[in-house]
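Numbering of the sequence shown is given in the numbering used here, commencing with residue -10 and proceeding in unit increments.
First up is the structure itself, then whatever we jot down about it.
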Amino acid sequence: MFPAGIIFIVLVEFCERLCYYTFAGTQKTWLQDRGYSNSQSSSINLIWAEVCYVCCFVGGWLASTRFGIFRTIAILSLAYAIGTYLSAVAALPNVQSVPFYLVGTFGLVALGSGGIKPNVCTMGANQFDPSDPDAEEKRASFFLYFYLTINVGSAISHAFLSSWATSGVPSIGVEIEYGYFFAWMVAASFMFLAFLVFVSGYRSYRKLPPAADEEPVVRLFVQALKQGSSFAHGKLAILGWSLIPVFILVSIVNAFAESPTLKIASAIVAVVCIGSLVIAHLNNKAFLPKGDVSDCLDCVPLLLVGNLFFGILQSTIASVFQSQACQMDTRQDRSDLSYEGFQYSGDFFRLANPVTIVIGTPLLDRVIYPFIRQVIGREVSIGCKVVSGFSFAICAQLVAASIEYARKGAAVLPVPSHCAPKVDGEHVHMSDINSFYMVAPYAMVGIGEIMVNPVLQHLAYEGAPASMKSLLQAFNLFAMGALPNGVASIISQALKQQVPNDLNKGDLPMVYFINSGIGFLGIVSFFAVFYLSPERFRQGRTEKGVCALESDSESEAVSSEVATLVAMLPENVAHAERKVEIDESTKHELEEAHEQTLHRQQEKGKRKGGGKSSKGKTEEGCFNCGGFGHFARECTEPSHGKGKGNGSYGNFSRQYSESRGKGKSFGKSRRTPKASGPSKTCAPLRGVLQ
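This is the structure:
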């Protein structure tokens, strides 16, 4: 059972997503009716999503101050509702004001949506008591079902509100002219309900100690980057972070003011910004001290690369997929050739996306992932999930391209499409091909989302220290929504010749092929970053189909080299080690064997040249054990020398073999080893040798 406060928190997310997706699915068509082109309306729609996710930083920062996470969600939810009401008024037939509309959507709605997004997720995860032995398992399930709830809200939006906006609701007397006003008023009412429900559940929420939400984490980040500014990686990191607001500003201007110079500038800024952040934070040890800030920034490259490339593929469901569906036969009654007849909006078919997620999430979680685990004998890896997710999204592009070829070959009907752009004052006519074919690519992207987004979202939560979870969630949402939508907006403007108002005069399949190439590049880039990231990410375990990282220090000692070393040791040694019960005397024997090996090396070095021998400690103050340190890394006092071990397990193996040959019992210590400072045997030692 989930904690009682979860229901109130999840309901806020449900209403917020319903409202968000209502705008995401209808503002493109509303702007087209106001005279904006197909490509520019798509670009503005994507930029609006970018602004929403940029505001995640505002919400994450506000929640980390004394203002607190509860007040942040409550006040920004109210601002969200007010902005939606303003936008609805702007859509009245006697108003039709684009500036008034933009104030509501780009101002209050964007601030509210982005501001509460990272905090709702984090506050929900914080409701689980860490003292509960099943807390991690429950939290992992929460992230999956939280994502499911998002898609229930979006499903209602796509199924009803988007089509009501373009065609009205004749059954209850809402005419076409009042469609947008009615749909947005319904969405605003849901958001206001979310505000009331959230505030009413105040007493049921689990509240963290003040320090968890009040530490000035932004200041810590700034101070850490300043301290590392003397290093090359530090300068690169500062450049990347500094270019984020520049990229945001340039991409917004590019969406509204069509200019070739701005397109080139936006692309250059995006590449330099992303490249700098990824390269710099792949090696935080080069310029940052070990600590909360460094641990938090370790997540940045993976979150950036995974979200960026997948987000570009995912952005097609709010742009070209919708444009394509709108120029297919969207009539509810195929015999009705009148303009007034009810038509589905192109966004209606996006319903396949959340429905697939709602059905597929528990199916993957409870059936498919456990089945695969049973077959292969281990958890489904992060890489497997991400590659599978990308593959489904790429296939969606190729399927959509094949449908577009069929659409262009079909006859044009004498019926204007309500959601298509206008040419010479009239909506473009639809083609004689069933628009329900678009269900396939929408659904395939949905399957990809299940495999990619929850993994990255949970990685952001587990990869951050407690005091920085809201801020890293904000960054993850920026990387998930703002960055890819900003880049996709640039791509949309650059390919406007392929996507004119009348798709029959363009080359939409080329856009899909370019997106597919971007997807393949994303797979390669993700794996490159994944294997260059800190070892703790590669040693993450999966629970409930989601990556749950081992964030303690011992997990860093676990590596793939353990299996290699075991395989390389003489067979009789490995067999004996597996049978020995590990206890304190065994640990003493390991230390004794290691010290004797080092003594021999030291004596050998003196005979050869009288040089000083290393004491066998690394610069980090841990024994390397002649390469065996991946098993038995024992932290000691800081090194007095500069030796780094000989990089071979052979000396340890020979020492152990000699010991066995002389009748020594490896399981019993013959003398007390010399004290070497505080030590602890890492978990990998126990796990490998038991």
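Each residue gets a CB set at the ideal place from its N, CA and C atoms; glycine is no exception.
query                                                                                                               : result
Under the three-state DSSP convention, the category residue 487 falls into                                          : coil
Assigned exposure category for residue 119 - 16 Cβ within 10 Å defines buried                                       : exposed
Helix, strand or coil at residue 332 [DSSP, three-state]                                                            : strand
With 16 other Cβ atoms within 10 Å as the buried cut-off, status of residue 502                                     : exposed
Length of the line joining the Cα atoms of residue 112 and residue 311                                              : 34 Å
Simplified DSSP assignment, three categories, for residue 369                                                       : coil
Meets three-Cβ-pair contact criterion under 8 Å: the segment 289 to 302 and the segment 254 to 266                  : yes
Through-space distance from residue 137 to residue -2, alpha-carbon basis                                           : 14 Å
Per DSSP, cross-strand counterpart(s) of residue 416                                                                : 411
Whole-number beta carbon distance between residue 91 and residue 477, since they are thought to touch under 8 Å     : That pair is no contact at about 20 Å.
Under 8 Å between C-beta atoms of residue 128 and residue 135                                                       : no
Close Cβ partners of residue 696 (< 8 Å) along its chain, the five nearest in sequence each way excluded            : Residue 696 falls outside the range modelled here, since the chain spans only -10 to 679, and no answer is possible.
Nearest candidate by alpha-carbon position, reference residue 446, set 288, 225 and 382                             : 288
Same chain only: Cβ atoms within 7 Å of residue 483, ignoring 5 sequence neighbours per side                        : 252
Neighbour-count burial assignment, residue -6, 16 or more Cβ in a 10 Å radius                                       : buried
Run of the alpha helix (DSSP H) containing residue 185, from where it starts to where it stops                      : 168 to 189
C-beta atoms of residue 232 and residue 508 nearer than 8 Å                                                         : no
Residue 278, buried or exposed, once every other Cβ within 10 Å from all chains shown has been counted against 16   : exposed
Alpha-carbon to alpha-carbon, residue 88 and residue 685                                                            : A query on residue 685 cannot be resolved here, the shown segment of the chain reaching from -10 to 679 and no further.
Validate contact between the segment 94 to 113 and the segment 41 to 56 using beta carbons, cut 8 Å, 3 pairs        : yes
Extent of the continuous alpha helix (DSSP H) run through residue 403                                               : Residue 403 -> not in any alpha helix (DSSP H); beta strand (DSSP E) instead, spanning 401 to 405.
For residue 424, the nearest candidate out of 177, -4 and 332 (CA to CA)                                            : 332
Rounded separation between residue 230 and residue 390 - CA only                                                    : 37 Å
Secondary structure of residue 474, DSSP reduced to three states                                                    : helix
Beta-carbon spacing of residue 522, residue 271 below 8 Å                                                           : yes
Residue 274 classed as buried or exposed, judged by whether at least 16 other C-beta atoms fall within 10 angstroms : exposed
CA-to-CA distance, residue 362 to residue 168, given in whole angstroms                                             : 49 Å
Residue 255 to residue 474 span [Cα, whole Å]                                                                       : 13 Å
CA-to-CA distance, residue 32 to residue 481, given in whole angstroms                                              : 6 Å
Integer Cβ distance of residue 151 from residue 14, believed to fall under 8 Å                                      : 4 Å
C-beta atoms of residue 175 and residue 1 nearer than 8 Å                                                           : no
Minimum length 3: unbroken beta strand (DSSP E) runs contained in the segment 206 to 246                            : none
Buried or exposed by the 16-neighbour rule on C-beta atoms within 10 Å, applied to residue 645                      : Only weak support exists for where residue 645 lies, its pLDDT of 36 falling under 50; the value from the coordinates is given anyway. The residue in question, residue 645, is buried, as its Cβ has 16 or more Cβ neighbours within 10 Å.
Local conformation of residue 423 per DSSP, three classes                                                           : strand
C-beta atoms of residue 444 and residue 306 nearer than 8 Å                                                         : no
Close Cβ partners of residue 392 (< 6 Å) along its chain, the five nearest in sequence each way excluded            : 426
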